[in-house]
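All remarks here apply to the structure that follows.
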Amino acid sequence: KKNKKKNKKNKKKIIKTSNLYLSNYKLQLYEKQKIKYIYGILEKQFRNYFKLSIKKNGNTAENFIKLLESRLDNVVYRMGFVNTRSDARQIVSHKFIKVNNNIVNISSYLLKKNDIVSIRSKFRNKRNIKKCLKIISKT
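Count the sequence shown with the working numbering and you get residues 4 to 142, in order.
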């Protein structure tokens, strides 16, 4: 009976202390999942972007963020055409967006430095896009 009581006490102590700190692995996993959630990418896409960022010269972390920020859906979101990244993915997949006067429907399309992103003229009158464009013009 005494052994059982000691085991119960030890288990409680272990549970309490394990919640007080994050291991390095747990912290990295949490941050990775947060980035995947924010940018709306899957594990395989995440790994491919990371491999690309390692191959480029310079800081891997900066290269990785630059790759994620140069995705078409993210640029559409940052430009203010829509309110959320999921909306940006949707309008890209519905062919609302042109890149260098070519219709692009791939949300993971990586933009280059001097690419021109625009909304197709027949979709500019959509209610949500019109509302966002008014907000942009006021600022």
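Even for Gly, the Cβ is constructed at its ideal location relative to N, Cα and C. Here the structure is a predicted model, which is why all the values come from computation and not from measurement.
Going by DSSP, name the residue or residues bridged to residue i.
| i | result |
| --- | --- |
| I122 | I100 |
| I106 | K101 |
If I follow the unbroken alpha helix (DSSP H) through residue i, where does it start and stop?
| i | result |
| --- | --- |
| L70 | 63 to 72 |
| F53 | 46 to 58 |
| L75 | 75 to 82 |
| N86 | Element bounds for N86: n/a, residue is neither H nor E. |
| N27 | 27 to 42 |
With a 10 Å radius around its C-beta and 16 neighbouring C-beta atoms as the bar for buried, classify residue i as buried or exposed.
| i | result |
| --- | --- |
| L75 | buried |
| I18 | Bear in mind that a pLDDT of 48 at I18, under 50, signals an unreliable position, so the model cannot answer this. |
| N77 | buried |
| L71 | buried |
| A144 | Since the first and last residues shown for the chain are 4 and 142, residue 144 lies out of range. |
If I'm right that residue i touches residue j with Cβ under 8 angstroms, what's the distance once you round it to whole angstroms?
| i | j | result |
| --- | --- | --- |
| V79 | I94 | 7 angstroms |
| N103 | I122 | So it is not a contact: roughly 14 angstroms between Cβ atoms. |
| Q48 | S110 | Not really, about 11 angstroms apart at Cβ, beyond 8 angstroms. |
| L113 | S73 | 5 angstroms |
| R81 | G43 | 14 angstroms between Cβ atoms; not a contact. |
| K98 | I106 | 5 angstroms |
| S96 | N108 | 5 angstroms |
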